[in-house]
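Heads up: the structure comes next, in structure tokens.
Number of protein chains: 2
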Amino acid sequence: MPAAYQHTTRVLVALDCIIFGFDGEALKLLLIKRNFEPECGKWSLMGGFLNQTEDLETAARRILFDLTGLNNNYLEQLQTVGTVNRDPVERTISVVYYSLVNIEDQDTAAIAVHQASWIRLANKPALIFDHDQMVATALQRLRYKAALHPIGFELLPATFTIPQLQKLYEAIYDTQLDRRNFSRKIMATDLLLGTGEKDERSSTKKAQLYTLNAEKYRQYLGGNLTFLPELAAMKPV
Amino acid sequence: MPAAYQHTTRVLVALDCIIFGFDGEALKLLLIKRNFEPECGKWSLMGGFLNQTEDLETAARRILFDLTGLNNNYLEQLQTVGTVNRDPVERTISVVYYSLVNIEDQDTAAIAVHQASWIRLANKPALIFDHDQMVATALQRLRYKAALHPIGFELLPATFTIPQLQKLYEAIYDTQLDRRNFSRKIMATDLLLGTGEKDERSSTKKAQLYTLNAEKYRQYLGGNLTFLPELAAMKPV
DNA sequence: TACTATTGTGTCAATACTACACGTTTTCGA
DNA sequence: TCGAAAACGTGTAGTATTGACACAATAGTA
């Protein structure tokens, strides 16, 4: 058995992470100001290169941890891009992951080191290379997925109210949902466990706080269901 | 600007194609008997390596064309796998695509050259490396996708009957569907155009032949809809 | 204490889904 | 030639889900 294949093309493999967060009002992205050439100083996704003895997802988690200090987040491979001239320096293919993180849990020091910022999706600046396209695809995937699976919870604090959850879904789909119907739909899933506590930050009638029913949640993640058919007619990205 | 990045790890990039077909009764996979080391003689997905001046999808289409003679098929990137030791020869990451092809259109000569065979999914032999896992993921994706988008048509001849379409869906989901409800659901989409012809091959009452309404079809592909909610409670892969 | 904003629960009509029934077309064999 | 069998096409009734909306309860504020 040969020690290597005959084929001669070996390319650099990059990893790029699209990091979604939610601040209670809008969807945000964690973006960095690139500090090396080319395109130094421009906005970019957080990325890095694959090491020789590192699995793809391990590398993606390394990059995510490096920026946020978090290491147990929702992380999913999105796509791999490999257009010949996508990177002007040399042929590079990039395996893109997207992650959902609770903004409250982030490591602000790590973020500062990388000159990163949480930026509202609506205010996203132009990004380098094909990163804009990656973000568009990621949002599409997030919408697609969140319509079928209750993955949105990853973006919320450990305890949250139903109105907060609704605002999240409205941010993801850039739409308005009926409060009464949303509540009924969510409660029907049995995914939420009431804590008995109330959200003290709200100024008028305080909403109930819930936590996720972890066991049910795992069932839903594995299955395939119409989570919110109301969103079927969602706006295109 | 440097001519290359400092980072030293450059790896071999493979492409593997999972090719689904349908023979009127069951879902099939086009598999090859591998004719080179390692694992020579064992069943495998059709694959190849990425060339220096070739986009990823271009490479996948080249590989698909090489085996089937077809070059205008449904082809979608599935995932990229890169576990460190997945290939015993050297570090290789593989970008996996899956394709849906109409078995009738295939180039039988090309298939023979590669010692390939259409094999029922139910009779799939063990494949090399992590190819079994790839196939499982592809089936999952196909089910996921076909529940929301009418992509199944790619697997059928240009004209087909509603009972044929139903058999296809039953094969994809390994389940039984109600004939009356299925028909109503499909007709409600307005995706089918009656040809006025009938399927002469059938032995009892001849079913109507339809073609796909290409324009409507493109609309559905772009959108996001609950195509067959009845399938929500589908069996796990 | 009245007023306002927000939350929680309920109702009802329209729609969609599921489980069936029934008639029609075609082949095959007595 | 005709009846049985098999498969196709359309329809209908009961049930569940959805979407639109009303109303009461809670908490802060003028």
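Chains as they are written, first to last, in my numbering: chain A, 1 to 237; chain B, 1001 to 1237. All C-beta atoms, glycine included, are put in the ideal place defined by N, C-alpha and C.
query	result
Who does S99/A pair with in a DSSP beta bridge?	I19/A and L75/A
State the CB to CB distance for the pair V993/B and D1016/B, rounded to an integer number of angstroms; the pair is presumed to be in contact (CB under 8 Å).	An answer regarding residue 993/B cannot be provided, because it is not within the stretch 1001 to 1237 covered by chain B.
How close, in whole Å, do the beta carbons of A1026/B and L1121/B come, if the pair is a contact with beta carbons under 8 Å?	7 Å
Helix, strand or coil for S183/A? Go by DSSP, reduced to three states.	helix
Note the first and the last residue of the continuous beta strand (DSSP E) segment covering Y1220/B.	Note, Y1220/B: premise wrong, no beta strand (DSSP E); alpha helix (DSSP H) at A1214 to G1222.
Could you tell me which of D1132/B, N1085/B and M1046/B sits nearest to L56/A, measuring between CA atoms?	N1085/B
Quick check: is the beta carbon of T108/A nearer than 9 Å to any beta carbon in chain B?	no
Tell me which residue opens and which closes the alpha helix (DSSP H) that T1068/B is part of.	L1056 to T1068
Between the C-alpha atoms of R1034/B and D1130/B, what's the straight-line distance to the nearest angstrom?	14 Å
Give the DSSP bridge partners of I1093/B, in chain order.	V1013/B
With a cut-off of 9 Å, does the C-beta of F1049/B fall near any C-beta of chain A?	yes
Does S1203/B pass the burial test, meaning 16 or more other C-beta atoms within 10 Å, or should it be called exposed?	exposed
Determine the chain A residues that contact S1052/B at a beta-carbon separation under 7 Å, and present them in chain order.	The sequence shown places Gln at residue 1052/B, rather than the Ser named in the question. Going along chain A in sequence order, the residues near Q1052/B (Cβ under 7 Å) are T9 and R91.
May I ask which residues mark the beginning and end of the alpha helix (DSSP H) holding A171/A?	I162 to Y173
Tell me the DSSP secondary structure of K145/A in three-state form.	helix
Given 8 Å as the limit, is there contact between the stretch 69 to 77 of chain A and the stretch 1034 to 1045 of chain B, that is, 3 or more CB pairs closer than that?	no
Ignore the nearest five residues each way along the sequence and tell me which others in S183/A's own chain have a CB closer than 6 Å to its CB.	I162
Using a cut-off of 8 Å between C-beta atoms, extract the partners of T137/A located in chain B.	None at all; the shortest Cβ gap to chain B is about 11 Å.
Determine the chain B residues that contact Q77/A at a beta-carbon separation under 8 Å, and present them in chain order.	Q1079 and T1080
Starting from the Cα of Q1170/B, find the closest Cα among L1191/B, L1142/B and L1193/B and give me that residue.	The sequence shown places Glu at residue 1170/B, rather than the Gln named in the question. That would be L1142/B, whose Cα lies nearest to the Cα of E1170/B.
In the stretch 1010 to 1038 of chain B, which residues sit with their C-beta less than 7 Å from some C-beta in chain A, listed in chain order?	R1010, V1011, L1012, V1013, E1037 and P1038
Output, in chain order, the set of chain B residues within a Cβ distance shorter than 9 Å of D190/A.	Correct list: empty, because the minimum Cβ distance to chain B is about 16 Å.
For chain B, find out if any of its Cβ atoms is closer than 9 Å to the Cβ of V101/A; answer yes or no.	no
Relative to the alpha-carbon of M1134/B, which residue among V1113/B, I1093/B, Q1115/B and A1110/B has its alpha-carbon at the smallest distance?	I1093/B
In chain order, what residues of the same chain have a beta carbon less than 8 Å from the beta carbon of P1320/B, not counting five sequence neighbours either side?	No answer is possible for residue 1320/B: the residues shown for chain B start at 1001 and end at 1237.
Within 9 Å of any Cβ in chain A, is that where the Cβ of Y1217/B sits?	no
With a cut-off of 9 Å, does the C-beta of Y98/A fall near any C-beta of chain B?	no
Out of curiosity, what's the CA-to-CA distance linking N123/A and G152/A?	21 Å
Using a C-beta cutoff of 9 Å, does Y5/A count as contacting chain B?	yes
If you count every other CB in all the chains shown that lies within 10 Å of the CB of V1081/B, and 16 or more means buried, which is it?	buried
Can you name, in chain order, every residue of its own chain whose Cβ lies under 7 Å from the Cβ of K216/A, other than the five neighbours on each side?	D190 and L191
Is T250/A helix, strand or coil when you go by DSSP?	It is not possible to answer for residue 250/A, since the shown part of chain A is limited to 1 through 237.
Would you say L1165/B faces chain A, with C-beta separation under 9 Å as the test?	no
Quick check for students: name the residue ranges of the alpha helix (DSSP H) that lie wholly in the stretch 1102 to 1136 of chain B, counting only runs of 4 or more.	1108 to 1113
Report the three-state DSSP secondary structure of G1152/B (helix, strand or coil).	helix
Just the C-alpha distance for Q1166/B and A1207/B, rounded to the nearest angstrom, thanks.	12 Å
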